[in-house]
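Peer 1: First residue of the sequence shown: 0, per numbering that gives the first Met the number 0; consecutive thereafter.
Could you have a look at this structure, given as structure tokens, before my questions?
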Amino acid sequence: MTTQAASSATKGARIRLGDLLVEAGAITSGQLGLALQEQKITGKKIGRVLLDMGLIQELQLLSILSEHLKIPFIELRQFQLDSKLMLALDESVARRFRCLILAEHQDGLQLAMADPLDLMAMDAVEKALNKTIYPAIVRESELLATLDIVYRNTSAIESLAGELDSELSHSDFDLAGLADDSDLQDAPVVRLLQSVLEDAVTIKASDIHIEPDENVFRIRMRVDGVLQEQVIKEKRVASALVMRLKIMSNLDIAERRLPQDGRFNVRVRNRSVDIRISTMPVQFGESVVMRLLDQSSGILSLEALGMPEDIRKRFEIMIERPHGLILVTGPTGSGKTTTLYSALSTLNTPSRKIITAEDPIEYRLSRINQVQVNTKINLTFAHILRTALRQDPDIVLIGEMRDQETVAIGVRAAMTGHLVMSTLHTNDAVSSAIRLADMGVQAYMVATALRGILAQRLLRRICLECRVPHQPDSRQQLWLRNMLGGKFANGQFHRGEGCYHCNNTGYTGRIAVYEWLELDDALLMALRDQNHNAFIDAARNNPNFKTMEELALEYAQAGITHLDEVFRISIDLDDFEGDRPNMAVAHMGAELDG
């Protein structure tokens, strides 16, 4: 049957989906009766009711429809999408009728639909586009996810920036007056900010950077640890945007010479987002960075973090102990705070008193006494910690051990019946213990207090939609042979070619890699003696210790991440000389040099 004939057959069909599925043997008459009763209660379409009740699988349902209607079933994840073509359909129409333009033919357009039996939707789209429509069936979940990707707000941001720029050309435009404007929701600067935030939430950005330049300003969003840039020609818009953000954050709008920090909360796409804002004077104005903290998603459990099971179990046992010091280490943006909050949520029971000292407080946790560091009034980590210990806590979390005083108080607290958790900005678990002993606290005290160290990094995941086999280059092969030995011959690696779903980056999402160092007798003795080489050797000989590099390499072999991500957290290949690299020594050396 031709495409045109298939379209005509679809439009002419008056199909009762339930009867069709019974006829095909996918469900029984009794199951259809139960689904129809449920439909009267919920008002949902019969297909959705059957899926929600688990009476039929989505693939089976779509395959039967495809065969009966003589229209194709398409896996959107594997389809090469044309952004210009898709945007020909207005977003409101696409979202209302849950459809998307896939391809253009000589006599019409192929339309992806979640429900090809919705004749009203087909008629509305044909009227909107003034072209003949040929439907194709797709998974509803894939369609909704693709709609979010297609209808990003980049064009809306440019349009609103131009509208705001034209308003700024009028001399009577008063930015400060925006705070009292009764029509604030319609102000271009507010709609521009709303579009920027919606776009950031859609692409799961962790940070938004607003950076003025000489003739333009840039909006850059960090997605999976990498910045994506949009250049706005209307440079004057930047100052209006910064002004509005200052008003929302209760910052001084007249102060443009000094950095300022603040926060505000907004609701974006039915999600509560807490935003930390930092302003800084730069050459051509003020730079603003916003950190987006999605309060709607809540705190992940330790199981949901993706730790290897053996590390998670040992970590859980350690945090249940009544006293001692546990460190979570890694560079900025490696997920340390997420891990600590997950641990706190596990420990947060009515029988435990928990106090935290944080800079800043990222997530607000019930039953936990969270204190914000404020250096302007000398409310430092050390000051908070001294006071917290007089509040009869069972568990104390220190956002970061930055100085000798904080380390000394934290170590003493761990030695006197408190469980203390904190972070260090170090490269790995081994160098963290050595760094702590080098921060002016006596080594025997550190050895007495310290129980375990969890080091972590975040690696980008290869996009599954464009993943292809990858052959390592000669230098990578040399490193791999020494890491894997004879197993390298059987190694299979992958990379992402780049596609519509990953914005041509080859990556979607991130995965954490960990290394857990639990201090045994040999490690404690080396730490007491401040024998760094002996400590490194003891860590390497510990049967339960696996480096982050080894775990990352396992993920690369499993096709989860790219070899480049493994090398990014590992040693510099230029320093590789043929022997299996000692990761702990390499990292410790880099840390001490820094």
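C-beta atoms are modelled at their ideal positions from N, C-alpha and C, and glycine is treated no differently.
Assuming L457 and G334 are in contact, meaning their beta carbons sit under 8 Å apart, how far apart are those beta carbons, in whole angstroms?
Peer 2: The count along the sequence shown starts at 1 and reaches residue 457 at position 458. The count along the sequence shown starts at 1 and reaches residue 334 at position 335. L457 to G334, Cβ: 6 Å. Contact.
Peer 1: Please return the same chain residues whose Cβ sits closer than 8 Å to the Cβ of D578, not counting the five positions on each side in sequence.
Peer 2: Locating residue 578 in the sequence shown gives position 579, counting from the first residue. Because D578 carries a pLDDT of 43, less than 50, the predicted location of this residue cannot be relied on, and the following value inherits that uncertainty. Excluding positions up to five away in sequence, the list reads N481.
Peer 1: Alpha carbon to alpha carbon, how far is A356 from E404?
Peer 2: Locating residue 356 in the sequence shown gives position 357, counting from the first residue. Locating residue 404 in the sequence shown gives position 405, counting from the first residue. A356 and E404: Cα-Cα distance of roughly 14 Å.
Peer 1: Measure the Cβ-Cβ separation of G53 and L35 and say whether it is below 9 Å.
Peer 2: As a working note, residue 53 is residue 54 in the sequence shown. As a working note, residue 35 is residue 36 in the sequence shown. No. Outside cutoff.
Peer 1: Could you check what DSSP says for I70 in three-state terms: helix, strand or coil?
Peer 2: Locating residue 70 in the sequence shown gives position 71, where the first residue counts as 1. Reduced to three states, the DSSP call for I70 is coil.
Peer 1: Taking the alpha carbon of L146 as the point to measure from, which residue in T201, A381 and L116 has its own alpha carbon closest?
Peer 2: Locating residue 146 in the sequence shown gives position 147, where the first residue counts as 1. Considering only alpha carbons, the answer is T201.
Peer 1: Identify whether F283 lies in helix, strand or coil by the three-state DSSP scheme.
Peer 2: Numbered from 1 along the sequence shown, position 284 holds the residue referred to as residue 283. Of the three classes helix, strand and coil, the one that applies to F283 here is coil, per DSSP.
Peer 1: Helix, strand or coil for H500 per DSSP?
Peer 2: In the sequence shown, residue 500 corresponds to position 501, counting from 1. In the structure shown, H500 sits in a helix (DSSP, three-state: H, G or I).
Peer 1: What span of residues does the alpha helix (DSSP H) with E302 cover, start to end?
Peer 2: Here residue 302 is taken as the residue at index 303 of the sequence shown, counted from 1. In the DSSP assignment, E302 falls outside any alpha helix (DSSP H), carrying neither H nor E.
Peer 1: Looking only at its chain, what residues have a beta carbon closer than 7 Å to the beta carbon of L109, apart from the 5 residues adjacent to it on each side?
Peer 2: Translated into the one-based positions of the sequence shown, residue 109 becomes position 110. Reading the sequence as shown, one finds Gln at residue 109 and not Leu. So the qualifying residues of the chain are L101, A102, Y133 and A135.
Peer 1: For the beta strand (DSSP E) containing R217, name the first residue and the last one.
Peer 2: Position 218 of the sequence shown, counted from the first residue, corresponds to residue 217. Per DSSP, the continuous beta strand (DSSP E) segment holding R217 begins and ends at F216 to V222.
Peer 1: Give every residue of the same chain whose Cβ lies closer than 8 Å to the Cβ of L88, excluding the five residues on either side of it in the sequence, and list them in chain order.
Peer 2: Position 89 of the sequence shown, counted from the first residue, corresponds to residue 88. Once the five neighbours on either side are set aside, the close Cβ partners of L88 are C98, L99, I100, V124, A127 and L128.
Peer 1: Taking the beta carbon of R366 as the centre, do at least 16 other beta carbons fall within 10 Å, making it buried, or is it exposed?
Peer 2: Numbered from 1 along the sequence shown, position 367 holds the residue referred to as residue 366. The residue in question, R366, is exposed, as its Cβ has fewer than 16 Cβ neighbours within 10 Å.
Peer 1: Identify the residues that DSSP records as bridge partners of A111: which are they?
Peer 2: Within the sequence shown, residue 111 is the residue found at index 112, counting from 1. DSSP, once it has assigned bridges, lists L99 and A135 as partnering A111.
Peer 1: Within the same chain, show all residues whose beta-carbon is closer than 6 Å to that of V92, passing over the 5 residues directly before and after it, in chain order.
Peer 2: If you number the sequence shown from 1, residue 92 lands on position 93. In its chain, beyond the 5 residues on either side, A127 have a beta carbon closer than 6 Å to the beta carbon of V92.
Peer 1: On the DSSP letters alone, give me the boundaries of the alpha helix (DSSP H) that L423 sits inside.
Peer 2: Translated into positions along the sequence shown, residue 423 becomes position 424. Premise fails: L423 lies in the beta strand (DSSP E), L418 to L423, not in any alpha helix (DSSP H).
Peer 1: What is the DSSP secondary structure of L522, reduced to helix, strand or coil?
Peer 2: Counting from one through the sequence shown, the residue named residue 522 turns up at place 523. Residue state, collapsed to three classes: helix.
Peer 1: Quick one: measure Cβ to Cβ for A412 and V419, integer angstroms, because I've assumed they're closer than 8 Å.
Peer 2: Reading the sequence shown from its first residue, position 413 is the one you call residue 412. Reading the sequence shown from its first residue, position 420 is the one you call residue 419. Right, the Cβ-Cβ distance comes to about 5 Å (below 8 Å), so this counts as a contact.
Peer 1: Using three-state DSSP, classify V149 as helix, strand or coil.
Peer 2: Your numbering for residue 149 matches position 150 in the sequence shown. Helix, per DSSP.
Peer 1: Hey, out of R15, E514, V225 and E228, whose CA is closest to E548's CA?
Peer 2: What you label residue 548 is simply residue 549 of the sequence shown in a count that begins at 1. Among R15, E514, V225 and E228, the Cα nearest to that of E548 is on E514.
Peer 1: Grab me the residues of I360's own chain with a C-beta within less than 6 Å of its C-beta, minus the 5 sequence neighbours each way, in chain order.
Peer 2: For the purposes of this step, residue 360 is taken as residue 361 along the sequence shown, with counting starting at 1. Excluding sequence neighbours, I360 sits near Q369 and Q371.
Peer 1: Enumerate in chain order the residues of its own chain whose CB-to-CB distance from L20 is below 8 Å, with the five nearest sequence positions on each side excluded.
Peer 2: For the purposes of this step, residue 20 is identified with residue 21 of the sequence shown, where counting begins at 1. Same-chain partners within the cutoff: I26, L31, L49, I55, L60 and I63.
Peer 1: Can you give me the start and stop residues for the beta strand (DSSP E) that Y513 sits inside?
Peer 2: The sequence position of residue 513 within the sequence shown is 514, counting from 1. Run containing Y513: Y506 to E517, per the beta strand (DSSP E) assignment.
Peer 1: So, is P211 buried or exposed, given that buried needs 16 or more other C-beta atoms within 10 angstroms?
Peer 2: Locating residue 211 in the sequence shown gives position 212, counting from the first residue. By the neighbour-count rule (16 or more Cβ atoms within 10 Å), P211 is buried.
Peer 1: In chain order, what residues of the same chain lie with their CB nearer than 6 Å to the CB of M289, ignoring the 5 residues before and after it?
Peer 2: Residue 289 sits at position 290 when you count from the first residue of the sequence shown. Correct list, in chain order: I207, I274 and I276.
Peer 1: From the DSSP output, read off the bridge partner residues of T328.
Peer 2: Position 329 of the sequence shown, counted from the first residue, corresponds to residue 328. Paired residues: L423 and A454.
Peer 1: Applying the 10 Å Cβ sphere with the 16-neighbour rule, what's the burial state of I218?
Peer 2: For the purposes of this step, residue 218 is taken as residue 219 along the sequence shown, with counting starting at 1. I218 counts as buried, since at least 16 other C-beta atoms from the protein chains shown sit within 10 angstroms of its C-beta.
Peer 1: Is the segment 422-442 touching the segment 320-334 in the sense that three or more CB pairs, one from each, lie closer than 8 Å?
Peer 2: Yes, they touch.
Peer 1: Name the DSSP bridge partner or partners of D206?
Peer 2: Your numbering for residue 206 matches position 207 in the sequence shown. D206 pairs with R221 and R290.
Peer 1: For the ligand COA, is there a heavy atom less than 8 Å away from the beta-carbon of N347?
Peer 2: With respect to the ligand COA, the structure shown offers nothing to examine, as it has no ligands at all.
Peer 1: Taking 6 Å as the limit between beta carbons, can you name the residues of its chain near G416, skipping five residues before and five after?
Peer 2: For the purposes of this step, residue 416 is taken as residue 417 along the sequence shown, with counting starting at 1. Once the five neighbours on either side are set aside, the close Cβ partners of G416 are H322.
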